[in-house]
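The C-terminal position of the sequence shown is numbered 163 in numbering that gives the first Met the number 0, with every residue numbered one higher than the one before it. We treat Cβ as the ideally placed atom computed from N, Cα and C, and that holds for glycine.
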Amino acid sequence: MKPPTPGEFSPAHPSWRYWVPPVLMSLAILAVSGDLGASPNTLGILVWLFSDFLAFSSEALDLLHGILRKAGHFMAYGICAFLWFRAFAFYHPRRLAANAALALGVSLLLALLDEGHQFWVSSRSGSLGDVALDMAGAAFLVLLATLRKKQVPKQTGGSCSSPS
């Protein structure tokens with residue numbers, strides 16, 4: 000099979016593999032936006048994971064829980080933005096700034112939807128601070144991806160052997 004042409008979308012070509020991960024990650028973020036991702040539920044998971052072999056005071060457990068929840072925001076949106084950047088870069092590999100802006104735009108929209116939804120869920124509370132944290136994670140990973148993409152040498156056709 001010939002290599003995929005940027006912009007070509009067909010089940011026979013792997014381009015769909017660039018789009019499925021960011022869509023699934025976005026849906027996963029929205030899935031935990033409601034009661035499923037509420038603090039009592041995530042605290043219960045933390046207690047279940049650590050209660051058999053670590054003894055935490057209530058205060059230490061609350062602190063660890065808060066740190067892990069905020070780190071989760073940062074990482075989830077960072078990974079999601081990276082996946083969107085990767086998908087956009089498949090279509091326009093030379094437009095790094097545009098791809099980064101699109102990935103960050105999708106991430107901002109997702110963060111606003113997430114926090115807006117939480118505002119209306121009784122077990123959650125929407126927060127602009129969380130939107131800022133989400134966007135910090137998104138910007139961080141997109142920046143790393145952009146810098147990495149600039150460093151990767153362009154592949155040219157020809158043999159794989161090195162010159163003598």
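- Here the alpha carbons of leucine 42 and phenylalanine 49 stand approximately 11 Å from one another.
- When the five nearest sequence neighbours on each side are left out, the beta carbons in the same chain lying within less than 7 Å of the beta carbon of isoleucine 28 are those of Ala75, Cys79, Leu109, Asp113, in order along the chain.
- Secondary structure of phenylalanine 84 (DSSP, three-state): helix.
- Around the C-beta of asparagine 98, 16 or more other C-beta atoms lie within 10 Å, and the residue is accordingly described as buried.
- With contacts defined by Cβ atoms closer than 8 Å, alanine 88 and lysine 148 form a contacting pair.
- In the three-state DSSP reduction, aspartate 51 falls in the coil class, being neither helix nor strand.
- The criterion of a C-beta distance shorter than 8 Å is not satisfied by arginine 93 and tyrosine 17.
- A contact between stretches requires three or more CB pairs, one per stretch, nearer than 8 Å, and the segment 135-145 fails this requirement with the segment 115-125.
- According to the DSSP assignment, glycine 128 belongs to the alpha helix (DSSP H) that extends over 127-150.
- In the three-state scheme derived from DSSP, where H, G and I count as helix and E and B as strand, arginine 68 is classed as helix.
- By alpha-carbon distance to alanine 131, the top candidate from Lys69, Leu53, Met24, Ala102 is Lys69.
- Apart from the 5 residues on each side of it in sequence, leucine 101 sits with its Cβ closer than 6 Å to the Cβ of Phe87 in its chain, given in chain order.
- When DSSP states are grouped into helix, strand and coil, proline 21 belongs to the helix group.
- DSSP places leucine 101 in the uninterrupted alpha helix (DSSP H) bounded by 95-119.
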